[in-house]
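Position 108 of the sequence shown, counted from 1, bears residue number 109 in our numbering, the numbering being contiguous throughout.
Note that CB positions come from ideal geometry on N, CA and C, so glycine has one too.
For clarity, every value in this text was computed on a predicted model and none was experimentally measured.
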Amino acid sequence: MIGSLIVRLMVNTAALLLAAMIVKSVDSGAVIIADWPSAILAALVYGLMNSLIRPLISMITCLLQLLTLGLFTLVINAGMLMVASAIAQATGIGFQVRDFGAAFITALLITIVSTVLTRLVK
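What follows is the structure, encoded as structure tokens:
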């Protein structure tokens with residue numbers, strides 16, 4: 002149980018770092034991660050939000066997700082990333098997402114990288 006949580010945190014951290022590097026290569030300053038501890042803490046905040054808040058938001062927006070064939074989930078993930086960035090800034094964690102566009106692209110990349118890494122780990 003604890004081992005799988007640690008693996009999941011490592012996968013999320015790697016996905017966040019890789020997504021941030023890709024977005025940063027296209028638009029520097031769009032996503033900023035100060036260092037490794039900040040990446041781990043940001044992944045932890047993002048993971049907790051996805052575990053606790055996202056199910057409620059998904060239930061509320063169920064019809065919209067059906068109408069968009071699930072693509073609205075990326076908008077939800079981008080919003081969660083923006084909130085995680087605000088929490089990180091408020092608590093002094095070195096993680097920042099500049100705008101919603103950067104959050105959307107980062108959320109898309111996190112989803113792709115996380116899916117691939119999870120399949121490789123299992």
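Own chain residues within Cβ distance below 6 Å of residue i, not counting five before or after
{"i": "Leu33", "result": "Looking at the sequence shown, residue 33 is not Leu but Ile. Excluding positions up to five away in sequence, the list reads Gln97."}
{"i": "Ser5", "result": "none"}
Buried versus exposed call for residue i [16 or more other C-beta atoms within 10 Å across all chains shown]
{"i": "Thr14", "result": "buried"}
{"i": "Ile77", "result": "buried"}
{"i": "Met60", "result": "exposed"}
Proximal residues to residue i (C-beta, below 8 Å), its chain only, five neighbours per side dropped
{"i": "Gly48", "result": "Arg9, Leu10, Asn13"}
{"i": "Thr62", "result": "Phe73, Ile77"}
Limits of the alpha helix (DSSP H) - the one that residue i falls within
{"i": "Ile41", "result": "37 to 53"}
{"i": "Ile111", "result": "101 to 122"}
{"i": "Ile33", "result": "Taken as a continuous stretch (DSSP letters only), Ile33 belongs to no alpha helix (DSSP H), being part of the beta strand (DSSP E) at 32 to 34."}
{"i": "Met81", "result": "73 to 92"}
{"i": "Ser5", "result": "3 to 27"}
Cut-off 7 Å between Cβ atoms - residues of its own chain near residue i, not counting five sequence neighbours on either side
{"i": "Gly30", "result": "Arg99"}
{"i": "Leu45", "result": "Leu10"}
{"i": "Ile23", "result": "Leu110"}
{"i": "Thr107", "result": "Ala20, Ala21, Val24, Val32, Leu82, Val98"}
{"i": "Asn51", "result": "Met81"}
Integer-rounded CB distance, given that residue j should sit under 8 Å from residue i
{"i": "Ala35", "j": "Leu17", "result": "Wrong, their Cβ atoms sit about 13 Å apart, outside the cutoff."}
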